[in-house]
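Right, one structure below, let's go through it.
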Amino acid sequence: MKVTIIGTGYVGLVTGACMAEMGNHVVCLDLDARKIEILNQGGIPIHEPGLEPMVHRNAAAGRLQFTTDVPAAVNHGTLQFIGVGTPPDEDGSADLQYVLAAARNIGRYMTDYKVIVDKSTVPVGTSDRVKEAVREVLAERGVAIDYAVVSNPEFLKEGAAVDDFMRPDRIIIGADDERAILLMRAIYAPFARNHDKLQLMDARSAELTKYAANAMLATRISFMNELARLAELVGADIEMVRCGIGSDPRIGTHFLYAGTGYGGSCFPKDVKALIRTGSDCGLVLGVLSSVEAANERQKRILVDKVVARFGDDLRGRCFALWGLAFKPNTDDMREAPSRVVIDELLHRGASIVAYDPVAMDEARRCIGERPGLSYASGQVEALQGADALLILTEWREFKSPDFELMCRALRQPVVFDGRNLFQPELLRSLGIEYHGIGRVDHAAER
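If you want the working numbering, it's the 1-based position in the sequence shown plus 46.
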């Protein structure tokens, strides 16, 4: 099938590459000429495991192309996937200017039947606005051309997006046009050969499903972070609690890890947008407002622990920071807890030496070169002469470090583990002062 992907960001590039992998002829459109130039030269603007070889393989085979030519891209595909950004507006609502601009361009240049697929995460009712935007442009042109608008939200985890797309849990299709439904079934058939994973519903339900999924996951994270705070006060261990409740099949084990809060491009934005949608409908979504507030508090929990240990005035103190990206296997720094921690420590006069296996360049772009902040070339280098180590991202290479080397490198062996990577008893036995999230060293208490 001939497919056009509008937007070569995280969603668009993964979608285009995976569809080309199944033999489709895919053209990816972006108005950012520099990004298209990078892609045509074999570069990849985002870090996502498995994406680069897939892009190279399909581009070499001629199944995946990149262009800034809007008329040619619209003419290419019967299926037109819109995968552009929907950044939060000042009031928390999703900004749809790029989605609607893409829809108008389709209406401006289409000459035959098109299925316009909303792949971006968009508020309930966006499919109606896209349909109206295309209708207005066609009316201005004085032509009558059939088209359909479909909601097809993505459910991709950063760091595992290629695998998620190739082996989806579910494929949500919000549509009422039979021809469009037939084409959507055809494009997704290779991804659901074992059993039918396609769930058909109306567009508004599909749009709300995406927001509801991310809001539920964000709620689980904030709930566990709140429980971790309580665990510290009552002398319980949140890791034991996690195992205890996670064994209940009604609850499950996923997204039950206490830490320094959620970040990234999805959860913060989507929770805000859903709260705003409720407000626009006259409904206060109190649970989600609390989820958001709890997450903002949690991003500062390591700073609170550092201040409790070293005092509010951190001038003359140096801290090693392991992890900058909001999660492992990505370089995404959007809404990352590390950014809050860096701001707060620098504000109190501390110096920071930071390291991340992948996100160093992105961190320099987002945070810049600031007085008191430097970047190490390796995790051991970051430790040299620091008063303590702070762990913000659970990269695999951080999980089993050389603790003896750590003790020699640090000015004093103090670890603030924002991802609960280590066992308190083990670190205590090695002479390391350990501060986790909701953790208790029961051996020390005895």
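Every residue, glycine too, gets a C-beta built ideally from N, C-alpha and C.
query, result
"Contact check, A249 vs S166, beta carbons under 8 Å", "no"
"One or two residues paired with H481 in a DSSP bridge", "F462"
"Same chain only: Cβ atoms within 7 Å of Q430, ignoring 5 sequence neighbours per side", "A455"
"Cβ pair count under 8 Å reaching 3, the stretch 283 to 299 against the stretch 361 to 380", "no"
"Start-to-end residues for the beta strand (DSSP E) that takes in M247", "L244 to M247"
"Reduced DSSP category for I227 - H, G, I as helix; E, B as strand; rest coil", "helix"
"DSSP three-state assignment for V404, whether helix, strand or coil", "coil"
"A304 classed as buried or exposed, judged by whether at least 16 other C-beta atoms fall within 10 angstroms", "buried"
"Backbone secondary structure at F313 - three-state DSSP", "helix"
"Distance between F462 and Q469 (C-alpha atoms, nearest Å)", "12 Å"
"I268 versus G464 - alpha carbon distance", "Position check: residue 268 holds Ser in this sequence, whereas Ile was assumed. Their Cα atoms are separated by approximately 14 Å."
"Beta-carbon spacing of V72, R109 below 8 Å", "yes"
"Given A371 as reference, the closest of D158, P383 and L360 once Cα atoms are compared", "P383"
"Whether G3 touches D378 by CB criterion (8 Å)", "The requested residue 3 does not occur in the structure, where the chain is confined to residues 47 to 492."
"Limits of the unbroken beta strand (DSSP E) element including H71", "H71 to L75"
"Straight-line gap, A105 to Q111 (C-alpha atoms, nearest Å)", "6 Å"
"Check whether F356 and R363 have beta carbons under 8 Å apart", "yes"
"Close beta carbons around A277, own chain, < 6 Å, minus the five adjacent residues each side", "I284 and G484"
"Segments assigned beta strand (DSSP E), at least 3 residues, entirely inside the stretch 140 to 225", "160 to 164, 193 to 197 and 217 to 220"
"Of the listed residues A63, L302 and G281, nearest to G290 (C-alpha basis)", "L302"
"Helix, strand or coil at V333 [DSSP, three-state]", "helix"
"Simplified DSSP state of V130, which is helix, strand or coil", "coil"
"E67 versus M100 - alpha carbon distance", "7 Å"
"Span of the beta strand (DSSP E), counted from its first residue to its last, around C364", "C364 to W368"
"Span separating the alpha-carbon of D402 from that of Q425", "8 Å"
"Integer Cβ distance of I218 from Q245, believed to fall under 8 Å", "5 Å"
"Where the beta strand (DSSP E) through Y303 begins and ends", "Note, Y303: premise wrong, no beta strand (DSSP E); not H, not E."
"N- and C-terminal bounds of the alpha helix (DSSP H) containing Q425", "Q425 to L429"
"Pairwise C-alpha distance: E450 and V317", "42 Å"
"Backbone secondary structure at A434 - three-state DSSP", "strand"
"Residue interval of the beta strand (DSSP E) (run including S420)", "L419 to Y421"
"Nearest candidate by alpha-carbon position, reference Y308, set A400, R385 and G324", "R385"
"Bridge partner(s) assigned by DSSP for Q87", "According to DSSP, which records beta bridges pairwise, Q87 is partnered with nothing at all."
"Option nearest V387 by Cα separation, candidates P199, G58 and K351", "K351"
"E200 versus T255: straight-line alpha-carbon distance, rounded", "10 Å"
"Anticipated Cβ contact below 8 Å, L331 with L320, distance rounded", "7 Å"
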